[in-house]
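Enquirer:
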Amino acid sequence: MGPVLAGILQLVALMGALALAYIPLGTYMAKVYSSDKHLRFEKWIYKGIGADPDTEMTWPAYLRAVLAFSAVSVLFLYLLQRLQGILPGSLGFSSVNPAQSFNTAASFVTNTNWQSYYGEQTMGHVVQTAGLAVQNFVSAAVGIAVAVALVRGFARSRTGELGNFWADLVRGTLRILVPGAAIAAIVLVACGAIQNFAGIHEVGQFVGGSQQWNGGAVASQEAIKEFGTNGGGYFNANSAHPFENPTPFTNLFEIFLLLVIPFSLTRTFGVMVGSVKQGYAILATMATIWVGFVALMMWTEFAHHGAALQAAGGAYEGKEVRFGVGSSSIFAVSTTLTSTGAVDSFHSSFTGLGGGITILGMQLGEIAPGGTGSGLYGMLIMAVIAVFIAGLMVGRTPEYLGKKIGAREIKLAACYILITPALVLIFTAASMALPTPPHSMLNSGAHGFSEVLYAFSSAANNNGSAFAGLNANTDWFNTMTGLAMLLGRFLPMVFVLALAGSLAEQKPVPATAGTLRTEKPLFTGLLVGAILIITGLTYFPALALGPLAEGLAS
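Structure representation (structure tokens):
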């Protein structure tokens, strides 16, 4: 079997698995967030934190709860790292320095999971499990909660209430993420991923020294890392490391994990708004972009320039031979089109155009299918923009799901789509203009610029993957990427929740002959076009200086 055919068959198998999980998981999540019953253990948690799960919140109250919980999480994770040197199970590692502690705390609380450190040489068992792994669960639950609040904004009318954040947070964690990650961890352990609390031990010898690795609760953290679209890695090699990702099967399984919730949330959306066809339209938009990007990536990595690369049958540099070019291409596209950030290959080693595809995937706004929750609410914002454009074309007030898209709604949507590009481009420009930051670039020219552009595209879009070539462990990059992560996560949430509140207060508008049918393929095509055009116009000059220049010159 040739490598191209193998990659295509893996893609088909992955799509089949996602299709099988779509209806049961999506419907289950809709029931979780629509239920008025609380489990006994959940009641204990509500009592412990002093929250009334039955009290409905307006959008400002919901936002305050999101920000308060996240601020406490950042502070806790920061202090845990700063105190690591005196904690048990530290494996002899010292406390993490302030700039890196801030960066890591911001990273994991925002579901970004960007790492400017070597995991196996920096974090002990307590920080990994009590700090990073916990945030892998709750940061993902926060994203889903905000998405569900926006869905309620479309589903409800004549009310400003969007649900209860604490109930949404606890239910998402305990009823969806914990059981799903537990099953996934068992599968990974059965396939060879490690799960222990062993110390540092020697695993091999070579001329002039030996190789040492520490153990850890790797399988459980790997499971929620993918299932919650978190990213990061117990080891610096991330999902290319055999302790995290032992076989080609686990590689495909991990891709499935990072895609299954974002895609299935479109079913949740359809069920909660009372029209599963609306969910299918959003799903079709996400799937069209994802499949298109995978096809482009495989083409750039298999059909490339250069006699040496053609003789090798693919661009193998930086890719695990266990997985090959096809599987690595699927993983690279999936991880950058979601907010996962896990990698099983080094994106800096991809062809010039291939590296550009990973950057563009993040710059779309992590919406195809995006992160847990953030992908859905980002796509719904783009749907609002698309119906507004359609309304301008035919000269009538745009409507979406029975709600009028007026001046307030479109202003909030416009702010949402502008904030992240502004962060990416401003921080990138500052890093290239100042004298010190460019010293962190391993490469010069177009590829070096791509390293910096990738870093801030990853941080501001809460992706977390790295281009592998930029020394981001400096005070400048630790601080600036940390700020980009926080602003890129929580400023958009302000506009999402404000939009949800505005929509929930409206009276439903009955559909007429002039209403755009947003469940039809025509709307899907319009939405795909709007996403690609808006992103292209925003980022094309920057992409032309980096990956496009490199790809066309090769």
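For the record, in the sequence shown the residue sitting at position 12 is 15 according to the working numbering, with numbers rising by one throughout. Glycine included, C-beta positions come from ideal geometry on N, C-alpha and C. Bear in mind the structure is a predicted one, so any value in this text is a computation, not a measurement.
Taking only the alpha-carbon atoms, compute the straight-line gap between residue 502 and residue 412 and give it to the nearest angstrom.
Expert: As a working mapping, residue 502 is identified with position 499 in the sequence shown. As a working mapping, residue 412 is identified with position 409 in the sequence shown. So the two alpha carbons sit approximately 6 angstroms from each other.
Enquirer: Which residues bound the alpha helix (DSSP H) around residue 137?
Expert: Counted from its first residue, the sequence shown places residue 137 at position 134. Looking at the DSSP string, the run of the alpha helix (DSSP H) that includes residue 137 is 137-158.
Enquirer: Runs of 3 residues minimum, wholly inside the segment 415-496: which ones carry the beta strand (DSSP E) assignment?
Expert: With a minimum length of 3 residues, no continuous beta strand (DSSP E) run stays inside the segment 415-496.
Enquirer: Is it buried or exposed, residue 324, if we count other Cβ atoms within 10 angstroms and call 16 or more buried?
Expert: Reading the sequence shown from its first residue, position 321 is the one you call residue 324. Residue 324 should be labelled exposed.
Enquirer: Compare the C-alpha of residue 543 against each of 359, 396 and 451 and name the closest.
Expert: Numbered from its first residue, the sequence shown carries residue 543 at position 540. Residue 359 is the option with its Cα nearest to residue 543.
Enquirer: Expressed to the nearest angstrom, what Euclidean distance is found between the alpha-carbon atoms of residue 240 and residue 345?
Expert: Here residue 240 corresponds to residue number 237 of the sequence shown, with the count starting at 1. Here residue 345 corresponds to residue number 342 of the sequence shown, with the count starting at 1. The alpha-carbon atoms of residue 240 and residue 345 are separated by roughly 10 angstroms.
Enquirer: What did DSSP end up calling residue 204 once you bin it into helix, strand or coil?
Expert: Numbered from its first residue, the sequence shown carries residue 204 at position 201. In this structure, residue 204 counts as strand in the three-state DSSP scheme.
Enquirer: Label residue 222 either buried or exposed according to how many other C-beta atoms from any shown protein chain fall within 10 Å of its C-beta, with 16 as the threshold for buried.
Expert: Translated into positions along the sequence shown, residue 222 becomes position 219. The residue is buried, with at least 16 neighbouring Cβ atoms inside 10 Å.
Enquirer: Would you please state the rounded distance, in angstroms, between the beta carbons of residue 375 and residue 265? I believe it to be under 8 angstroms.
Expert: On the sequence shown, position 372 is the one that residue 375 refers to. On the sequence shown, position 262 is the one that residue 265 refers to. Their Cβ separation, rounded to whole angstroms, is 6 angstroms, which keeps residue 375 and residue 265 in contact under 8 angstroms.
Enquirer: So, with DSSP's three-state summary, where would you put residue 302?
Expert: One-based indexing of the sequence shown puts residue 302 at position 299. Helix.
Enquirer: Pull up the distance between the alpha-carbon of residue 112 and that of residue 81, whole angstroms please.
Expert: As a first step, residue 112 must be located in the sequence shown, where it is residue number 109. As a first step, residue 81 must be located in the sequence shown, where it is residue number 78. Whole-angstrom Cα-Cα distance: 10 angstroms.
Enquirer: Can you tell me which of the three DSSP states residue 267 falls into?
Expert: The residue you call residue 267 lines up with position 264 of the sequence shown. Of the three classes helix, strand and coil, the one that applies to residue 267 here is helix, per DSSP.
Enquirer: Assuming residue 235 contacts residue 116 (C-beta within less than 8 angstroms), just tell me the rounded distance between them.
Expert: Within the sequence shown, residue 235 is the residue found at index 232, counting from 1. Within the sequence shown, residue 116 is the residue found at index 113, counting from 1. Confirmed, Cβ separation roughly 3 angstroms.
Enquirer: Please list, in chain order, all residues of the same chain as residue 168 whose beta carbon is under 7 angstroms from its beta carbon, the five residues on each side excluded.
Expert: Along the sequence shown, read from residue 1 onward, the residue named residue 168 stands at position 165. Same-chain partners within the cutoff: 60, 65, 68, 69 and 148.
Enquirer: Taking DSSP as the reference, what is the three-state secondary structure of residue 253?
Expert: Translated into the one-based positions of the sequence shown, residue 253 becomes position 250. Residue 253 falls in the helix class under three-state DSSP.
Enquirer: Beta-carbon within less than 6 angstroms of residue 419's beta-carbon, same chain only, minus the 5 sequence neighbours each way: which residues are those?
Expert: Within the sequence shown, the letter at position 416 stands for residue 419. Taken in chain order, the residues that qualify are 384, 495 and 498.
Enquirer: Over the uninterrupted alpha helix (DSSP H) stretch that includes residue 553, give me the two end residues.
Expert: Looking up residue 553 in the sequence shown gives position 550. First-last of the alpha helix (DSSP H) with residue 553: 550-556.
Enquirer: State the start and end residues of the unbroken alpha helix (DSSP H) segment that holds residue 225.
Expert: As a working note, residue 225 is residue 222 in the sequence shown. It spans 221-230 - the alpha helix (DSSP H) in which residue 225 sits, taken as one unbroken run.
Enquirer: Between residue 311 and the rest of its own chain, which residues show a CB-CB distance below 6 angstroms, the 5 nearest in sequence each way excluded?
Expert: Here residue 311 is taken as the residue at index 308 of the sequence shown, counted from 1. Only weak support is given to the placement of residue 311: the predicted model assigns it a pLDDT of 47, under 50, and the value that follows is read from those uncertain coordinates. Closer than 6 angstroms at Cβ, skipping near neighbours: no residue.
Enquirer: Between the alpha carbons of residue 143 and residue 230, how many angstroms are there, rounded?
Expert: Start at 1 with the first residue of the sequence shown, and residue 143 comes out as number 140. Start at 1 with the first residue of the sequence shown, and residue 230 comes out as number 227. Going by the C-alpha atoms only, they are around 9 angstroms apart.
Enquirer: On the criterion of 16 or more Cβ atoms from any shown chain inside 10 Å, does residue 293 qualify as buried, or is it exposed?
Expert: Numbered from 1 along the sequence shown, position 290 holds the residue referred to as residue 293. The residue in question, residue 293, is buried, as its Cβ has 16 or more Cβ neighbours within 10 Å.
Enquirer: Among the candidates 535, 118, 93 and 335, whose CA atom is the shortest distance from the CA of residue 126?
Expert: The sequence position of residue 126 within the sequence shown is 123, counting from 1. Comparing Cα positions, the closest option is 93.
Enquirer: Measuring alpha carbon to alpha carbon, tell me which of 447, 377 and 454 ends up nearest residue 152.
Expert: By one-based count along the sequence shown, residue 152 stands at place 149. Checked all of 447, 377 and 454; the closest Cα to residue 152 is 377.
Enquirer: Identify, in the order they occur along the chain, each residue of the same chain with its Cβ nearer than 6 angstroms to the Cβ of residue 334, setting aside the five sequence neighbours on each side.
Expert: Here the question's residue 334 lines up with position 331 in the sequence shown. The answer, listed in chain order, is 258 and 347.
Enquirer: Mind checking whether residue 305 and residue 35 have CB atoms under 8 angstroms apart?
Expert: Translated into the one-based positions of the sequence shown, residue 305 becomes position 302. Translated into the one-based positions of the sequence shown, residue 35 becomes position 32. No. Outside cutoff.
Enquirer: Buried or exposed for residue 490, please, with buried defined as at least 16 other CB atoms from any protein chain shown within 10 angstroms of its CB.
Expert: As a first step, residue 490 is located in the sequence shown; it is residue number 487 there, counting from the start. Burial call: buried.
Enquirer: Let me check understanding here. Comparing Cα to Cα, which of 202, 227 and 471 lies closest to residue 215?
Expert: Here residue 215 is taken as the residue at index 212 of the sequence shown, counted from 1. Out of 202, 227 and 471, 202 has the C-alpha closest to the C-alpha of residue 215.
Enquirer: Taking 8 angstroms as the CB-CB cut-off, is residue 195 touching chain C?
Expert: Of the protein chains in the structure, only one exists, and it is not chain C.
Enquirer: Taking residue 154 and residue 272 to be in contact with their CB atoms under 8 angstroms, please state how far apart those CB atoms are, rounded to whole angstroms.
Expert: Counted from its first residue, the sequence shown places residue 154 at position 151. Counted from its first residue, the sequence shown places residue 272 at position 269. With 8 angstroms as the limit, residue 154 and residue 272 qualify as a contact, their Cβ atoms being about 5 angstroms apart.
Enquirer: Does DSSP classify residue 59 as helix, strand or coil?
Expert: As a working mapping, residue 59 is identified with position 56 in the sequence shown. DSSP places residue 59 in coil when its eight states are reduced to three.
Enquirer: Could you name the residues of the same chain whose beta carbon sits closer than 6 angstroms to that of residue 415, not counting the 5 residues immediately before and after it, in chain order?
Expert: On the sequence shown, position 412 is the one that residue 415 refers to. Excluding positions up to five away in sequence, the list reads 498, 501 and 502.
Enquirer: Assuming contact is defined by CB atoms lying nearer than 8 angstroms, are residue 455 and residue 435 in contact in what I supplied?
Expert: Locating residue 455 in the sequence shown gives position 452, where the first residue counts as 1. Locating residue 435 in the sequence shown gives position 432, where the first residue counts as 1. A contact, by the Cβ cut-off of 8 angstroms.
Enquirer: How do the segment 129-141 and the segment 100-112 stand: do at least 3 beta-carbon pairs fall below 8 angstroms, yes or no?
Expert: Contact between the segment 129-141 and the segment 100-112 is present, because at least three Cβ pairs lie under 8 angstroms.
Enquirer: Are the CB atoms of residue 362 and residue 453 within a distance shorter than 8 angstroms?
Expert: The residue you call residue 453 lines up with position 450 of the sequence shown. The residue you call residue 362 lines up with position 359 of the sequence shown. Yes, these two residues count as a Cβ contact at 8 angstroms.
Enquirer: Do you know whose CA, among 512, 368, 481 and 328, lies nearest residue 409's CA?
Expert: Position 406 of the sequence shown holds residue 409. Cα-wise, what sits closest to residue 409 is 512.
Enquirer: Give me the residue from 472, 424 and 393 with the minimum Cα distance to residue 519.
Expert: Against the sequence shown, residue 519 aligns to sequence position 516. Residue 393 is the option with its Cα nearest to residue 519.
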